[in-house]
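There are 2 protein chains.
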Amino acid sequence: MDLRIDVHSPEPSYLQLAARLRAAIESGEIGPRQPLPSLSRLVQETGLAGNTVRHAISVLTEEGLVYTVRGRGTFATPRQA
Amino acid sequence: MDLRIDVHSPEPSYLQLAARLRAAIESGEIGPRQPLPSLSRLVQETGLAGNTVRHAISVLTEEGLVYTVRGRGTFATPRQA
DNA sequence: ATGCATTTGTTCGTATGTATG
DNA sequence: GCATACATACGAACAAATGCA
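Sequence lines, in order, name chains B and E.
For the first sequence, position 36 (counting from the first letter as 1) is numbered 156 according to the working numbering, and the numbering increases by one without interruption.
For the second sequence, position 66 (counting from the first letter as 1) is numbered 186 according to the working numbering, and the numbering increases by one without interruption.
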């Protein structure tokens, strides 16, 4: 999963990250009920701040692509059959 | 060991706490392989949140001044002879 | 072996302040 | 003013290792 963010892009960082995570889910790289990388890991790999990473995840949550369990992690929503 | 934090200081709380613990180690108040106060104790004595105390300890860990054993505690690194 | 308390580890939630464009 | 982004800080849930009774 390539999570590199182009900080010089006109596209906001959090949207770039959301797009990459969305692609990983829609391609099946992250299957149903599979965890996304943790926030701290995303912070490490992207170089973004925690709140910015949260912002990206909140986008996917609003889209219904992921759900979060506090203390556990964030997971790909199982697509309804 | 005076662990009082000045919340009105421009210096971040976690750096203030790290500085105090560092001073305790370098002065020998906490000798080699001696334990630091536990996290919950530091939380009590400083009034800071757990994650903030962790942040302070992570600074000292990166500096090599302390090491942590899960379930046991955090200890002053023995200085190589 | 069981159970409990203590301790650290990891995770997400939320809020505030600052800076930039 | 607003959106973006970072840093700091507090709060909370869940997990795992240790030690002791």
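Even for Gly, the Cβ is constructed at its ideal location relative to N, Cα and C.
None of these values were measured; they are calculated from a predicted model.
Q.
Using the Cβ count rule (16 or more neighbours within 10 Å means buried), how would you classify P157(B)?
A. buried
(Q) In this structure, how does DSSP classify G193(B) when only helix, strand and coil are distinguished? (A) strand
Q: Tell me whether the beta-carbon of L162(B) lies closer than 8 Å to the beta-carbon of V173(B).
A: yes
Q) Using DSSP with H/G/I as helix, E/B as strand and the rest coil, what is V186(E)? A) strand
Q.
Starting from I125(E), trace the alpha helix (DSSP H) in both directions and tell me its first and last residue.
A. No alpha helix (DSSP H) holds I125(E); DSSP gives it neither H nor E.
Q) Among the residues of its own chain, which have a CB less than 6 Å from the CB of P152(E), if the five just before and after it don't count? A) A196, P198
Q) In or out: S133(E) buried (at least 16 other Cβ within 10 Å) or exposed? A) buried
Q | Cβ-based neighbour list, R142(E), same chain, cut-off 8 Å, excluding 5 preceding and 5 following | A | L180, E183, L185
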